[in-house]
């Protein structure tokens, strides 16, 4: 049974030619329903120096973003143009959102002022207590010296004059006279929200701000494998375009290292040998493929996918 309220499209932010998804619900939805895993590239707040495990956002390959757009699951927005234009043309709801942000900022400023005043009062109380303890100690020392009847010796007088505590300097002599102890100006504390949901959904008049996706020449092979239900990750460490998994990479070992070529492109024999031997060493098959062009192209009327052919190469003489 289909839901009466379809899920809203996934928002893909394009920033510096990188395709990012920031919402964890979108990340889980893409992984469960569309075989999109991608790579976490954000710094984790709890461990900013940790490089082994990263956090949100995830960075999509251009091929992944294009597949989602073609499936009408997501849309791509160029953030460098979108946010300034959306704020400049703020509607009633956007103005209400900005008022909420200003209210949160003023609340944060007031809270920080209260915390600062409480700390000042605490330090002043501690200072007064220490001064009272010093006065009581001096009074008790003076009383005990009056009770002693024996006259101090010359050495005792020298010791007293040598180690006697000097009078405590006044604040006016220890601090720069140009600095006054008046009321300090309140610091500006700004509230940074974790998300800006009210500014993300495109309004009808701002569809022109949607960005296009620049896909590489190997995109037809990616779309073909993705349509077959495979999971794919970047294949740079295996010398290929895509590392192809039969299921979720957390559960399965990759079966193929795939590289896309043009249909009439000349492929160097050394590239085939290198890919085949490397794939065999890492227990994978070397897969090449591309979109069929020219007279050899055959399209079934019921087949809406790209006409792509793929070939698996395995090095068998090892």
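Numbering (full-length UniProt numbering), first residue to last: 1 to 318. The C-beta atom is built at its ideal place from N, Cα and C for all residues, glycine as well. For clarity, every value in this text was computed on a predicted model and none was experimentally measured.
Inclusion of residue 59 and residue 20 in the CB contact set at 8 Å is warranted, their separation being smaller than that value.
For residue 42, the enclosing beta strand (DSSP E) stretches over residues 39–42. Looking at the DSSP output, residue 59 shares a beta bridge with 20, 39. Counting other Cβ atoms within 10 Å of its Cβ, residue 17 stays below 16 and is therefore classed as exposed.
Its chain contains 19, 213, 214, 215, 216 as the residues whose beta carbon lies nearer than 7 Å to that of residue 62, once the 5 sequence neighbours on both sides are disregarded; these appear in chain order. Relative to the Cα of residue 244, the nearest Cα in the group 310, 262, 99, 106 belongs to 310. Taking one beta carbon from each stretch, the segment 21–29 and the segment 231–243 have fewer than 3 pairs nearer than 8 Å; the two do not touch. Only residues of its own chain outside the window of five on either side were considered, and among them 240, 241, 288 have a CB closer than 6 Å to the CB of residue 259, listed in chain order.
Scanning its chain for C-beta atoms nearer than 8 Å, with the 5 sequence neighbours on each side dropped, one finds around residue 292 the residues 263, 298, 307, 308, 309, in chain order.
In this structure, the straight-line span from the alpha carbon of residue 96 to that of residue 38 is close to 35 Å. At a Cβ-Cβ threshold of 8 Å, residue 35 and residue 231 count as neighbours. Taken in chain order, the whole alpha helix (DSSP H) runs of length 4 or more contained in the segment 263–302 are 269–281. In the three-state scheme derived from DSSP, where H, G and I count as helix and E and B as strand, residue 231 is classed as strand. If you draw a straight line from the Cα of residue 225 to the Cα of residue 218, it comes to about 11 Å.
DSSP links residue 257 through a beta bridge to 243, 286. Assignment of residue 252 by DSSP, reduced to helix, strand and coil, places it in the coil class. DSSP, read as helix, strand or coil, puts residue 53 in coil.
DSSP, read as helix, strand or coil, puts residue 106 in helix.
Straight across, the Cα-Cα distance linking residue 117 with residue 105 is about 19 Å.
Counting only the Cα atoms, residue 111 lies some 15 Å from residue 121. When the Cα atoms are used, residue 24 and residue 253 turn out to be separated by approximately 25 Å. The beta-carbon distance between residue 74 and residue 10, rounded to whole angstroms, is 4 Å. This is short enough to meet the 8 Å contact definition.
Taking every protein chain shown into account, the CB of residue 269 has fewer than 16 other CB atoms within 10 angstroms, so this residue is exposed.
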